[in-house]
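Counting in the working numbering, the sequence shown runs from 5 upward without gaps. Positions of the beta carbon are idealized from the N, C-alpha and C atoms, including for glycine. Keep in mind the model is a prediction, meaning the values are calculated, not measured. Presented below is the structure to which this report refers.
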Amino acid sequence: MLTDKKSKELMDEIVGLCKRKGFVFQSSEIYGGYNGFFDYGPLGAELKKNIKDAWWQDMVQRRDDVVGIDSSIIMNPSIWKASGHVDGFTDPMIDCKESKMRYRADHLFFAEVRIAGEMLGVVSLIESPEMLDEAKKKAEKLKRKLAIKGDLDEIVLICAVDATPEQYEQIPSPATGKAGTLTPPREFNMMFDTHVGAVRNDASKAYLRPETAQGIFANFKNVTDTSRLKLPFGIAQIGKAFRNEITPRNFIFRSREFEQMEIEYFIHEDSDWKTIHADWIKTRREWFTSIGLTSEFLGEEVHPSESLAHYARACTDITFKFPFGEQELEGIAARGNFDLTQHQEKSGKGLEIFDEASKSKLLPHVIEPSLGVDRTFLALICSAYTKDEIDGELRTLLKLHPRIAPVKAAIFPLVKKNENILQISNDLYKKLQRHLNVVTDLSGAIGRRYRRMDEIGTPFCITVDFESLEDNTVTIRDRDTTDQKRINLEEVLPFLLGKVNG
Ligand code: ATP
Numbered sequence: 005m006l007t008d009k010k011s012k013e014l015m016d017e018i019v020g021l022c023k024r025k026g027f028v029f030q031s032s033e034i035y036g037g038y039n040g041f042f043d044y045g046p047l048g049a050e051l052k053k054n055i056k057d058a059w060w061q062d063m064v065q066r067r068d069d070v071v072g073i074d075s076s077i078i079m080n081p082s083i084w085k086a087s088g089h090v091d092g093f094t095d096p097m098i099d100c101k102e103s104k105m106r107y108r109a110d111h112l113f114f115a116e117v118r119i120a121g122e123m124l125g126v127v128s129l130i131e132s133p134e135m136l137d138e139a140k141k142k143a144e145k146l147k148r149k150l151a152i153k154g155d156l157d158e159i160v161l162i163c164a165v166d167a168t169p170e171q172y173e174q175i176p177s178p179a180t181g182k183a184g185t186l187t188p189p190r191e192f193n194m195m196f197d198t199h200v201g202a203v204r205n206d207a208s209k210a211y212l213r214p215e216t217a218q219g220i221f222a223n224f225k226n227v228t229d230t231s232r233l234k235l236p237f238g239i240a241q242i243g244k245a246f247r248n249e250i251t252p253r254n255f256i257f258r259s260r261e262f263e264q265m266e267i268e269y270f271i272h273e274d275s276d277w278k279t280i281h282a283d284w285i286k287t288r289r290e291w292f293t294s295i296g297l298t299s300e301f302l303g304e305e306v307h308p309s310e311s312l313a314h315y316a317r318a319c320t321d322i323t324f325k326f327p328f329g330e331q332e333l334e335g336i337a338a339r340g341n342f343d344l345t346q347h348q349e350k351s352g353k354g355l356e357i358f359d360e361a362s363k364s365k366l367l368p369h370v371i372e373p374s375l376g377v378d379r380t381f382l383a384l385i386c387s388a389y390t391k392d393e394i395d396g397e398l399r400t401l402l403k404l405h406p407r408i409a410p411v412k413a414a415i416f417p418l419v420k421k422n423e424n425i426l427q428i429s430n431d432l433y434k435k436l437q438r439h440l441n442v443v444t445d446l447s448g449a450i451g452r453r454y455r456r457m458d459e460i461g462t463p464f465c466i467t468v469d470f471e472s473l474e475d476n477t478v479t480i481r482d483r484d485t486t487d488q489k490r491i492n493l494e495e496v497l498p499f500l501l502g503k504v505n506g
């Protein structure tokens, strides 16, 4: 990622590339878009599938202690009552009565502007890495407007949720700049509701799941009854989740429809949960770097105990330094056995399992690594986005790991008009296509064809040339180094498979 770029400029470039190359589109674009929803284009769909496949292979198929499920999106609404989502899955929301804009209270900040302790006014901003600079600019503007001289006191940003009632009165709406138009924060439930069946009344109300985890808890008995699992073990799921976010923003980072990859890792209540929690944090960090996330952009944020839900023992976020700031990529929580206890109580069905090792019946506790597919997608693109200079020419490339790259290789016949070259090229293309997502490109100078592939992150370009006719070799070019070597046609597939699976 180009860290010296201004965050807004860099995000604009990344969003532009995603649209131009067919990774991500605004949903319903021909109708003016739809805030908080996105569509994945041909390359985006491949990239997203590669992320999910890599996670499923590494977290489910290649582990002896984890199995996967695929539960329905709409479930019996009693599940969401038992889990606490109907009553408590809320964010604090503020409305501006004049502009009708809506803000998440914990994303709204303000600062009192003073000179030598004397208050000039208050400025407000939406959370961003540059908000302190923005606040200073707004404060200077206020000073100029009031034609007051002197140096401003230090600007201290305060979150709207921490404002005293007197301070709250004075926060100007970020939309209008006027104070007194913001409503007090009120809790807003983020679950989308719908109705199931022909009659629309309270009894037919149902919800689109806001997380995949509850599908795992609700199926706990089914899975343990049908699989030979011994504690500790995990149940994993990948699937869509829906949250009516008050202010969806930062491209696909916070949207209203997204995908999650979650594991509930069940452990004995007496086990050393701190070590298991720490092991999961390590496992998940290593996975991120294994798929190509630059480790220097990864971080950890430990939630202070006072901010945890009453049943949770610990929660650590794995963070990523996005251009718009360091933000949560994955949450890894130690949740006790709250969810299973709730479902056992509210469903009236026994969910305890018999643990051979301790010869006891119990409701296991869980460690929950919970990750968003779309956030991983964005982190990978940000991490991979690079500009360099090749032979005096500026190029943009995505340094995506071969396992994750949407197109694994491009096959170029050097010239269009030589039947033999075309034949070899086509045979190779058809052979590779059976195993990997590959493309062929016949148009334009070879240099231009390379650039097109660099920009979408294709790790290898294979050129069939006149020498190929003589000795059955082709050139294979590495995207990052641009080094080329000749290899035998027979070696191409094992070479690529080694890189993609390696
Ligand atoms: P945030 O604090 O950013 O709203 P969260 O703590 O509510 O996130 P969780 O409920 O822990 O998120 O969800 C687990 C994961 O699901 C997150 O780490 C993130 O990767 C993903 N996720 C959550 N909400 C969204 C969203 N609105 N858009 C995209 N991904 C999301």
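Only residues of its own chain outside the window of five on either side were considered, and among them 284, 285, 320 and 373 have a CB closer than 6 Å to the CB of residue 336, listed in chain order.
Annotated three-state conformation of residue 263 is strand, per DSSP. Bridge pairing for residue 189: absent [DSSP]. In this structure, the beta-carbon distance from residue 404 to residue 296 falls below 8 Å. By the criterion of at least three beta-carbon pairs nearer than 8 Å, the region 415-423 is not in contact with the region 53-69. Per the C-alpha coordinates, the member of 241, 361, 258 and 413 positioned closest to residue 439 is 413.
Bridge partners of residue 417 according to DSSP: 468.
Annotation: the region 203-286 contains the following complete segments of the alpha helix (DSSP H) (minimum length 4 residues), in chain order: 217-222 and 224-230. Taken in chain order, the complete beta strand (DSSP E) segments of 3 or more residues contained in the region 372-407 are 389-394 and 397-402. Following the DSSP letters along the chain, one finds residue 462 in no beta strand (DSSP E), marked with neither H nor E. Annotated as proximal: residue 370 and residue 268, with beta-carbon spacing under 8 Å.
When C-alpha distances from residue 216 are compared across 72, 342, 325 and 98, the shortest belongs to 72.
DSSP places residue 499 in the uninterrupted alpha helix (DSSP H) bounded by 493-505. Residue 407 sits away from residue 39, with the two beta carbons spaced by 8 Å or more. For residue 172, the enclosing alpha helix (DSSP H) has its first and last residue at 169-174. The beta carbon of residue 468 lies closer than 6 Å to those of 417, 425, 428, 429 and 478 in the same chain, with the five residues before and after it left out. It is roughly 29 Å from the alpha-carbon of residue 21 to the alpha-carbon of residue 434.
A distance criterion of 7 Å places the beta-carbon of residue 378 in contact range of the ligand ATP, judged by its closest non-hydrogen atom. The criterion of a C-beta distance shorter than 8 Å is not satisfied by residue 18 and residue 210.
Just so you know, the alpha carbons of residue 309 and residue 318 end up roughly 7 Å apart. The Cβ-Cβ distance between residue 455 and residue 445 does not fall below 8 Å. Listed as beta-bridge partners of residue 96 by DSSP are 191.
When distances are taken from the beta-carbon of residue 257 to the heavy atoms of the ligand ATP, the shortest one is below 7 Å. In the structure shown, the three-state DSSP call for residue 412 is coil.
The shortest CA-to-CA distance from residue 470 to any of 490, 458, 481 and 288 is the one to 490.
Scanning the region 117-168 for uninterrupted alpha helix (DSSP H) segments of 4 residues or longer gives 135-149, listed from N- to C-terminal end. Residue pairing by DSSP places residue 479 opposite 467 and 490 in a beta bridge.
DSSP, read as helix, strand or coil, puts residue 439 in coil.
For residue 353, there is no enclosing beta strand (DSSP E), since its DSSP letter is neither H nor E. For residue 40, no alpha helix (DSSP H) segment is defined, and its DSSP state is neither H nor E. By the CB criterion at 8 Å, residue 112 and residue 164 fall inside the cutoff. Uninterrupted alpha helix (DSSP H) stretches at least 4 residues long and entirely within the region 44-110 occur at 46-60, 82-86 and 89-92, given in chain order. In this structure, residue 189 lies away from residue 183, with their beta-carbon atoms at least 8 Å apart.
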